[in-house]
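Heads up, the thing below is written out as structure tokens.
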């Protein structure tokens, strides 16, 4: 069995995939992990690049072609095909720090926790930033997810046992963007313990206006944000019956990020009436799915403030947010 399966979510990434795969090909431990290059119906040269690395190191790289089904479908295909003890997702326009990755592989040899957390670095055209999501968590120490923790997780920081994802039939919503949070929630749900390694493994490319996380794209794809947010609330409603309060708090942080992201996108709409109407409809639907999750979301200051007094502060918050955002984004 391989130590690790890395699923590469690849859709029309000919400009970036070489960087992604070469960063893994440079590893000293090619025999200890596998890379599944899941081509989600690309129309460019993604397939050529994927097959090139499959030929270079067939013991490590496997090219998988499938019909287009969205980012979540590549994760689902990866879970289905994985032979590694641990499972990790890398987007086809990102890459790994090879030195940190090799140290990660070395540590995985003696690891058996359900979940493994590492660091990630946000790479902008003019700067890079190491992101700390573990707060007061100590490195190289095993923790229970059922203990009280100040912890956050993201797709870029997690590796989880493949057998657990399959055991619990983890399935990510397909044909949408912004499904990262759903995968994170599944990984947290199926895990009971974790360890954190202070290694900057994942290099997360940011600052590209064509990315799904750009403001322009988020406005265009607001319905996808809504769909994912509703799905997260539904999952939490199902999961809460069988998990501890402390694990639910960690999961709630991920839900807040998704719901809060959608709420901020409504503030960017050009027409005020449409902005407020859709915002209230969205918030009301969250409440209809789960009153409990709706109430817990008030722990977020932004959400609590904008709901206050039957949305009386909505115009002011919208104005301030649009002014601040327009400095950086054109849409």
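In the working numbering, the protein residues as written are 99 to 429. Glycine is no exception: its CB is placed at the ideal position from the N, C-alpha and C atoms. From a predicted model like this one, the values you see are computed outputs, not experimental measurements.
Local Cβ density within 10 Å of residue i, reported as buried at 16 or more and exposed below that
i, result
"residue 389", "exposed"
"residue 392", "buried"
"residue 428", "Unreliable positioning characterises residue 428 in this predicted model, as indicated by a pLDDT of 43, which lies under 50. The coordinate reading is nonetheless provided below. Exposed, since its Cβ has fewer than 16 Cβ neighbours within 10 Å."
"residue 195", "buried"
"residue 181", "exposed"
"residue 353", "buried"
"residue 362", "buried"
"residue 103", "buried"
"residue 280", "buried"
"residue 368", "exposed"
"residue 345", "buried"
Residue i, DSSP secondary structure in three states
i, result
"residue 259", "strand"
"residue 285", "helix"
"residue 194", "strand"
"residue 229", "strand"
"residue 404", "helix"
"residue 399", "helix"
"residue 294", "strand"
"residue 242", "strand"
"residue 157", "coil"
"residue 429", "Low confidence applies here, because residue 429 scores a pLDDT of 40, under 50, leaving its location unreliable; read the following figure in that light. Correct three-state label for residue 429: coil."
"residue 272", "coil"
"residue 279", "helix"
"residue 107", "strand"
"residue 410", "coil"
"residue 127", "coil"
"residue 132", "strand"
"residue 371", "helix"
"residue 303", "strand"
"residue 122", "helix"
"residue 324", "helix"
"residue 138", "strand"
"residue 218", "strand"
"residue 113", "coil"
"residue 249", "coil"
9 Å Cβ cutoff met for residue i and residue j
i, j, result
"residue 293", "residue 239", "yes"
"residue 64", "residue 199", "Nothing can be reported for residue 64: it is not among the residues displayed for the chain, which extend from 99 to 429."
"residue 335", "residue 415", "no"
"residue 302", "residue 221", "yes"
"residue 128", "residue 106", "no"
"residue 188", "residue 232", "no"
"residue 377", "residue 419", "no"
"residue 168", "residue 272", "yes"
"residue 252", "residue 278", "yes"
"residue 190", "residue 114", "yes"
"residue 366", "residue 356", "no"
"residue 430", "residue 250", "Nothing can be reported for residue 430, as the shown portion of the chain is limited to 99 through 429."
"residue 421", "residue 364", "no"
"residue 101", "residue 215", "no"
Residue i: CB within 8 Å of a non-hydrogen atom of the ligand GDP
i, result
"residue 185", "Judged by which ligands are present, the structure shown has none, so any question about the ligand GDP falls away."
Whole-number beta carbon distance between residue j and residue i, since they are thought to touch under 8 Å
i, j, result
"residue 287", "residue 349", "7 Å"
"residue 228", "residue 298", "6 Å"
"residue 300", "residue 224", "About 20 Å separates the two Cβ atoms, so there is no contact after all."
"residue 291", "residue 217", "About 19 Å separates the two Cβ atoms, so there is no contact after all."
"residue 401", "residue 395", "5 Å"
C-beta neighbour in chain C for residue i, strict 9 Å
i, result
"residue 194", "Absent here is chain C; the protein component of the structure consists of one chain."
- Examine the Cβ distances between the stretch 331–340 and the stretch 373–393 and report whether three or more of them are shorter than 8 Å. yes
- How do the stretch 224–242 and the stretch 137–153 stand: do at least 3 beta-carbon pairs fall below 8 Å, yes or no? no
- Any 3 or more C-beta pairs closer than 8 Å across the stretch 145–162 and the stretch 257–266: no
- Query: Pairing CB atoms from the stretch 210–217 with CB atoms from the stretch 320–328, are three or more of them under 8 Å?
  - Reply: no
- Cβ contact (3+ pairs, closer than 8 Å) linking the stretch 142–150 and the stretch 164–180: no
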